Amino acid sequence: MNWKEFFMKNKHFLFIIYLPIYMYCFAWLEARDDVPFTDIHCFVDDWIPFCELFIIPYLLWFLYVVVVLLFLFLQRRHLEDYYCCVITLILGMSTCLLVYYLFPNAQSMRPAEFAHSNIFTDIIGFIYSSDTDTNVLPSIHVYNSVAIHVAFSESHYFKNRKGWHIASLILCTLICLSTMFLKQHSFLDVITAIMLYGVYYVLVYQIIPGKFEKRRRLSELS
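As C-alpha cells, then:
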C-alpha cells in the first residue's frame, strides 16, 4: 500500500494529524514578542460591558466542538459530513494563523481588575494568564463555533430536526458573544471570522461538491 492509498483509506484521521501541527504554530505565534502588534478595537467594543457569566458558554465551546466532531466521525454512513466539517476547520484555522503571522494583532480591552470575586472571575483570571491577548483577528473561537454549528445542522441525521438546529444556533451565538463580553475579542474579530467562514462554506459545501457532482454525471453519460 503506497502513501496515497493509505491516505484515502484513513483520511478521517486528517484532523488528528493536523492538530499537533496547528498547536505548534499557534504556540510559536503566541510566544512572539519581537514584532509590532496592531491594536484591534472599534466603537462597538465600548458598548459591550464585561460580564463574567459568559465564561459558561465560552468554556462550553470545547465540549461543543469535541462532541459534534465525534458524532460526525461516528456517523459512518455519511462521513462526507465529517470531511466537510474538518476541511472547513483546517482551512479556516490555517488561514487565521497566516493572518496572525503576516498581520500581528492584539487587543487591550481586558479589565485590570474584576468588580466581583467569584468562581467565574477566578476561571477568567486563569484564562487571561495562560492565553495572551495577541492573535485575535480573526477569532478562531468564533470561526470554529460557526463551522461546528453549520456542520451539525447540515448533517444527514440532524438536517430535518429544527429543534436541534435552534439549540445549536443558540449555543453558537452565546459562544460568539462570550468572546466579546469576556473581553477576549473585539467585535471586528467576530465579524472577520464569520466572513472568513462564509468564504470557505461556499468553497467546501457548494463549489467543490458541485464540481464532483458534475463530473459524476458526465462519467455516467459517457
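Residues in the sequence shown are numbered consecutively from 1, following the working numbering. We put the CB at the ideal spot given by N, CA and C, even for glycine. For clarity, every value in this text was computed on a predicted model and none was experimentally measured.
Asked, Found
"What three-state label does DSSP hand residue 115 in the structure shown?", "coil"
"How far does the alpha helix (DSSP H) with residue 43 in it reach, from first residue to last?", "43 to 47"
"Using DSSP with H/G/I as helix, E/B as strand and the rest coil, what is residue 221?", "Model confidence at residue 221 stands at a pLDDT of 47, short of 50, so the residue's coordinates are unreliable and nothing is read from them."
"Here's a check: name, in chain order, each residue in its chain whose Cβ is nearer than 8 Å to the Cβ of residue 153, leaving out the five neighbours to either side.", "159, 164, 165, 168 and 169"
"If I'm right that residue 105 touches residue 137 with Cβ under 8 Å, what's the distance once you round it to whole angstroms?", "5 Å"
"Starting from residue 134 and walking both ways along the alpha helix (DSSP H), at which residues does that stretch end?", "Here residue 134 belongs to no alpha helix (DSSP H), and DSSP marks it neither H nor E."
"Provide the residue span of the alpha helix (DSSP H) that contains residue 37, from first to last.", "Element bounds for residue 37: n/a, residue is neither H nor E."
"Assuming residue 201 contacts residue 88 (C-beta within less than 8 Å), just tell me the rounded distance between them.", "7 Å"
"What does a CB cutoff of less than 7 Å around residue 124 pick up in its chain, not counting 5 residues either side in sequence?", "52, 55 and 182"
"In its own chain, which residues sit with a C-beta less than 7 Å from the C-beta of residue 144, not counting the 5 before and 5 after it?", "65 and 89"
"Residues bridged to residue 106 by DSSP?", "39 and 134"
"Just verifying my parser: in three-state terms, what is the DSSP assignment at residue 183?", "coil"
"Could you pull out every residue in the same chain whose Cβ sits closer than 7 Å to the Cβ of residue 220, ignoring the five residues on either side in sequence?", "Reliability fails at residue 220, whose pLDDT of 49 lies under 50, so the model's placement of it is uncertain and the value that follows must be treated cautiously. Correct list: empty, nothing qualifies."
"Which residues in the same chain as residue 81 place their Cβ atom closer than 8 Å to its Cβ, once the five residues preceding and following it in sequence are excluded?", "72, 75, 151, 154, 155 and 156"
"Distance check for residue 92 and residue 102, CA to CA, integer angstroms please.", "15 Å"
"Could you compute how far the alpha carbon of residue 218 sits from the alpha carbon of residue 208?", "Note that residue 218 has pLDDT 47, beneath the 50 cutoff, so the model's placement of it is unreliable and the number below is only indicative. So the two alpha carbons sit approximately 16 Å from each other."
"If we call anything under 8 Å between Cβ atoms a contact, is residue 139 one with residue 57?", "no"
"Give the secondary structure of residue 156 by DSSP, where H, G and I count as helix, E and B as strand, and everything else as coil.", "coil"
"Nearest CA to the CA of residue 205: which residue from 15, 195, 147 and 162?", "147"
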